[in-house]
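As structure tokens, the structure follows; a few thoughts come after it.
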Amino acid sequence: MTRHIGDVILQVDDLHTYCFTRWGVVKAVDGVSFALRQGETLGIVGESGCGKSMTALSLLRLVPRPVARIVQGRVLLQGENLLDKSEREMRHIRGRRLSMILQDPQTSLNPVFTIGNQLLEAIHIHHKGSPRTLLSRAINALSQVRVAAPERRVEDYPHQMSGGMKQRVVGAIALSCEPHVIIADEPTTSLDVTIQAQYLRLLREIQEETGLSIIFITHDFGIVAKMCDRVMVMYAGRVVESGPVRDIFNHPAHPYTQALLQSVPTMEERPERLYAIEGQPPALWELPPGCRFTARCPYAEARCEQTYPSSFAVGVDHTADCWRLQEA
Amino acid sequence: MSETPLLQVHHLKKHFPVTRGLLAMKTIGWVKAVDDISFSVPQGETLALVGESGCGKTTTAKLILRLEEPTDGEILIDGQPVHDLRGNALKAYRTAVQAVFQDPWSSLNPRMRVRQIVAEPLVINRKMSRAAVAARVQEVLDSVGLRPQQANLYPHEFSGGQRQRIAVASALISQPKLIILDEPVSALDVSIRAQIMNLLVDLQQAYHVSYVLIAHHLATTRYMAHEVAVMYLGKIVERARTEALFTEPLHPYTRALFSAALPGHPDITREEIILPGEVPSPINPPSGCRFHTRCPVAQSQCAEIEPEETDIAPGHMVACHLYN
Numbered sequence: 001m002t003r004h005i006g007d008v009i010l011q012v013d014d015l016h017t018y019c020f021t022r023w024g025v026v027k028a029v030d031g032v033s034f035a036l037r038q039g040e041t042l043g044i045v046g047e048s049g050c051g052k053s054m055t056a057l058s059l060l061r062l063v064p065r066p067v068a069r070i071v072q073g074r075v076l077l078q079g080e081n082l083l084d085k086s087e088r089e090m091r092h093i094r095g096r097r098l099s100m101i102l103q104d105p106q107t108s109l110n111p112v113f114t115i116g117n118q119l120l121e122a123i124h125i126h127h128k129g130s131p132r133t134l135l136s137r138a139i140n141a142l143s144q145v146r147v148a149a150p151e152r153r154v155e156d157y158p159h160q161m162s163g164g165m166k167q168r169v170v171g172a173i174a175l176s177c178e179p180h181v182i183i184a185d186e187p188t189t190s191l192d193v194t195i196q197a198q199y200l201r202l203l204r205e206i207q208e209e210t211g212l213s214i215i216f217i218t219h220d221f222g223i224v225a226k227m228c229d230r231v232m233v234m235y236a237g238r239v240v241e242s243g244p245v246r247d248i249f250n251h252p253a254h255p256y257t258q259a260l261l262q263s264v265p266t267m268e269e270r271p272e273r274l275y276a277i278e279g280q281p282p283a284l285w286e287l288p289p290g291c292r293f294t295a296r297c298p299y300a301e302a303r304c305e306q307t308y309p310s311s312f313a314v315g316v317d318h319t320a321d322c323w324r325l326q327e328a
Numbered sequence: 001m002s003e004t005p006l007l008q009v010h011h012l013k014k015h016f017p018v019t020r021g022l023l024a025m026k027t028i029g030w031v032k033a034v035d036d037i038s039f040s041v042p043q044g045e046t047l048a049l050v051g052e053s054g055c056g057k058t059t060t061a062k063l064i065l066r067l068e069e070p071t072d073g074e075i076l077i078d079g080q081p082v083h084d085l086r087g088n089a090l091k092a093y094r095t096a097v098q099a100v101f102q103d104p105w106s107s108l109n110p111r112m113r114v115r116q117i118v119a120e121p122l123v124i125n126r127k128m129s130r131a132a133v134a135a136r137v138q139e140v141l142d143s144v145g146l147r148p149q150q151a152n153l154y155p156h157e158f159s160g161g162q163r164q165r166i167a168v169a170s171a172l173i174s175q176p177k178l179i180i181l182d183e184p185v186s187a188l189d190v191s192i193r194a195q196i197m198n199l200l201v202d203l204q205q206a207y208h209v210s211y212v213l214i215a216h217h218l219a220t221t222r223y224m225a226h227e228v229a230v231m232y233l234g235k236i237v238e239r240a241r242t243e244a245l246f247t248e249p250l251h252p253y254t255r256a257l258f259s260a261a262l263p264g265h266p267d268i269t270r271e272e273i274i275l276p277g278e279v280p281s282p283i284n285p286p287s288g289c290r291f292h293t294r295c296p297v298a299q300s301q302c303a304e305i306e307p308e309e310t311d312i313a314p315g316h317m318v319a320c321h322l323y324n
């Protein structure tokens with residue numbers, strides 16, 4: 001790999017996003033901090049409801065309002081706090097500096113407009129020029145994601161394309177204004193295995209060409225192993241462990257990370273029996289005061305129930321939130 | 001394996017007509033969803049059908065479940081042709097073959113209580129007293145790890161993993177010989193998947209039931225299946241015992257599929273075979289070997305002659321000119 005990893009481009013400090021519902025306050029994101037470097041791929045792993053998608057939406061300030069609100073924290077993109085920006089300023093940041101690829105191309109493309117139309121919509125916000133120059137920009141964006149015959153494809157409607165092709169178009173829209181950071185929220189979950197392999201390779205090639213930083217949101221440790229430099233594991237709104245991918249795979253420190261890695265069957269060997277994490281994640285509107293994994297943790301003690309553990313360093317750039325690491 | 005396998009599939013074909021026009025419908029072509037496949041599953045074993053969307057694995061499952069009529073070929077359960085069954089034999093078949101589907105949010109009736117959902121196969125196909133049905137419901141709920149009190153709840157009161165347990169209980173209640181598992185864990189969260197996979201493996205050992213597992217996640221099939229059949233555009237391109245297939249995949253498509261699967265560790269680097277293009281349309285599948293348009297090692301004969309199913313080793317079938 002010929003990838004250069006540069007300075008911190010995006011820094012998130014103590015982000016809290018709560019949803020105010022009839023049943024109470026749902027702490028979807030409850031104190032998330034991380035930094036992303038230029039040219040780096042960061043994976044955010046966790047199960048549904050752990051807050052990974054809500055974190056992504058918070059970065060773009062696209063949380064569903066009025067239910068959800070970012071109540072605390074800072075999101076520094078190249079030093080500027082996005083949470084202080086006006087809506088008008090945010091519109092010039094989304095797509096141009098910070099962009100997103102959503103999970104399902106079926107629903108993220110508008111079925112009644114052509115591909116070209118939807119690409120131009122994004123380009124139009126950020127660039128001025130004659131219709132012809134904008135169109136050639138759109139065609140370039142399509143060829144960047146290796147869509148064959150882009151001059152003809154711009155006139156196609158989404159239903160004329162296959163799932164893999166549509167997801168490339170979604171990628172083209174996200175990349176059309178050369179953002180510095182792209183958030184990919186489970187971009188390959190709806191794709192077939194061989195098409196997923198094509199798409200992942202494409203993302204990596206584009207990253208090598210442009211020095212893009214990628215935040216990869218996924219529930220699949222396989223994608224993390226293949227694509228990411230660093231990974232953070234989320235559980236019930238908090239980051240429980242983060243570090244370089246190899247470290248996390250070789251020495252997972254948090255019991256949740258350990259259990260998750262053990263419970264996934266692999267292609268390479270067949271275990272006698274899969275390790276299963278009993279129980280389910282806690283409800284986000286009635287979180288226990290202590291560590292959220294206590295009820296499912298094989299090592300839980302009294303202090304785990306009472307106070308949330310602090311972050312302990314377990315290696316270079318590798319931390320985990322677990323009381324057991326205090327002695328070590 | 002001298003005794004007859006529980007499930008036998010011989011030269012099964014299912015072609016769907018492609019029509020044009022509304023009143024005067026004209027057939028303008030055929031989708032060859034399943035095109036001449038054969039396999040068998042012994043009692044107590046799991047066969048996995050793997051392949052990408054459109055390869056015909058779900059159609060095969062529907063044919064076994066009698067939800068579709070085959071165009072040609074036959075399916076035998078205990079030596080009896082499934083599609084010829086009538087009357088009591090048909091009722092017996094319906095208790096002997098059950099299914100668990102992918103999405104436990106849409107496969108359970110939201111207006112029925114768990115005990116009604118679970119009891120349904122018995123109520124419909126067998127004459128049993130209410131007390132006997134209730135006792136049997138408690139028994140299966142217990143075997144899938146649900147509490148007896150939960151029988152009176154509705155599906156919306158359960159999480160995804162528990163719902164899938166309810167679906168498994170319902171499939172199990174009539175003491176079936178065969179259960180079709182259509183992507184049974186892919187809609188579930190990672191930490192719940194292992195629970196359900198372990199449950200299915202345990203139940204198989206306890207009741208000696210056979211599974212036909214439809215999955216696209218290869219690691220899941222490695223954990224659960226005894227034998228794996230790889231499908232591409234309506235054909236089985238390779239079929240072997242799980243260990244043999246995962247240690248030495250032979251067909252170029254199987255190899256590409258395995259290389260595309262995500263690694264279990266960042267240090268595992270596989271030979272990267274990225275297939276060009278996408279799966280062609282099954283309406284006019286490519287001539288000769290259907291994979292030749294994307295195959296990295298295609299030769300001239302591949303476009304013309306369809307490769308025959310050849311046994312490379314006992315129980316290891318591959319359909320490719322490389323091994324002929």
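Going down the list, the sequences are from chains A and B.
Take the first sequence: its letters are residues 1 to 328, numbered as in this note's numbering.
Take the second sequence: its letters are residues 1 to 324, numbered as in this note's numbering.
Ideal Cβ placement from N, Cα and C applies to all residues, glycine included.
Keep in mind the model is a prediction, meaning the values are calculated, not measured.
Beyond the five residues adjoining it in sequence on each side, B/Arg94 comes within less than 6 Å, by CB distance, of Asn125 in the same chain, given in chain order.
Contact note: A/Asp156 does not reach chain B at a C-beta cutoff of 9 Å; the least C-beta distance is about 15 Å. Three or more beta-carbon pairs separated by less than 8 Å are not found between the segment 165 to 178 of chain B and the segment 238 to 245 of chain A, which leaves the two stretches without contact. Per the C-alpha coordinates, the member of A/Pro64, A/Ile277, A/Arg246 positioned closest to B/Pro266 is A/Arg246.
Per DSSP, the continuous alpha helix (DSSP H) segment holding B/Thr220 begins and ends at 218 to 224. Excluding five sequence positions before and after A/Val316, none of the CB atoms of its chain fall closer than 6 Å to its own CB. Nearest CB-CB separation between B/Phe158 and chain A: not below the 8 Å threshold. Interface annotation, B/Phe291: not in contact with chain A, CB-CB separation never under 8 Å.
Contacts between A/Met54 and chain B, judged by CB atoms closer than 7 Å, are missing: the closest CB pair is about 16 Å apart.
Residue pairing of B/Met317 in beta bridges, as defined by DSSP: B/Arg239, B/Asp311. At a cut-off of 8 Å between beta-carbon atoms, B/Ile173 makes no contact with chain A. The beta carbon of A/Leu260 falls within 8 Å of a beta carbon belonging to chain B, placing the residue at that interface.
With contact defined as three or more Cβ pairs closer than 8 Å, the segment 211 to 231 of chain B and the segment 173 to 193 of chain B are in contact. Looking at the DSSP output, B/Val97 shares a beta bridge with B/Leu178. A Cβ-Cβ separation of about 6 Å places B/Leu7 in contact with B/Leu178 under the 8 Å criterion. Under the 8 Å criterion on CB atoms, A/Lys85 is classed as non-interfacial with respect to chain B. Counted as a single uninterrupted DSSP element, the alpha helix (DSSP H) harbouring A/Gly222 occupies residues 221 to 227. The Cβ of A/Glu47 sits closer than 8 Å to at least one Cβ of chain B. Contact fails between the segment 246 to 256 of chain B and the segment 250 to 263 of chain A, because fewer than three Cβ pairs, one in each stretch, are under 8 Å apart. Annotated as distal: B/Asn284 and B/Glu308, with beta-carbon spacing of 8 Å or more. Of all residues in the segment 269 to 301 of chain B, those with a C-beta nearer than 8 Å to a C-beta of chain A are Glu272, Ile274, Leu275, Glu278, Val279, reading in chain order. Segment contact: the segment 135 to 142 of chain B against the segment 76 to 95 of chain B, fewer than three CB-CB distances shorter than 8 Å; contact not assigned. Residue burial annotation: B/Ser300 is exposed, with fewer than 16 other C-beta atoms found within 10 angstroms of its C-beta. Here B/Ser259 has Arg270, Glu271, Glu272, Ile273 as same chain residues with Cβ atoms under 7 Å from its own Cβ, once five neighbours each way along the sequence are excluded. If you compare the alpha carbons of A/Arg97, A/Ala148, A/Ile214, A/Gln258 with that of A/Arg296, the shortest gap goes to A/Gln258. For A/Ser48, no alpha helix (DSSP H) encloses it, and the DSSP letter there is neither H nor E. Inter-segment contact for the segment 120 to 128 of chain A and the segment 198 to 206 of chain A is absent: fewer than three beta-carbon pairs are separated by less than 8 Å.
The CB of B/His265 comes closer than 7 Å to the CB of Ala225, Phe249 in chain A, given here in chain order.
Assigned with DSSP and collapsed to three states, A/His318 falls in strand.
Rounded to whole angstroms, the separation of the alpha carbons of A/Tyr235 and A/Arg152 is 45 Å. If you look at B/Ala33, you'll find it in the beta strand (DSSP E) that goes 26 to 41. Contact with chain A is absent for B/His316, since none of that chain's Cβ atoms lies less than 8 Å from the residue's Cβ. A contact is defined here as three or more CB-CB pairs under 8 Å, and the segment 48 to 64 of chain B meets this definition with respect to the segment 32 to 40 of chain B. Contacts with chain A at 8 Å (Cβ-Cβ) include B/Asp189. No Cβ-Cβ contact shorter than 8 Å links A/Ile215 with A/Val170.
A/Phe20 is classed as exposed because its beta carbon has fewer than 16 other beta carbons within 10 Å across all chains shown.
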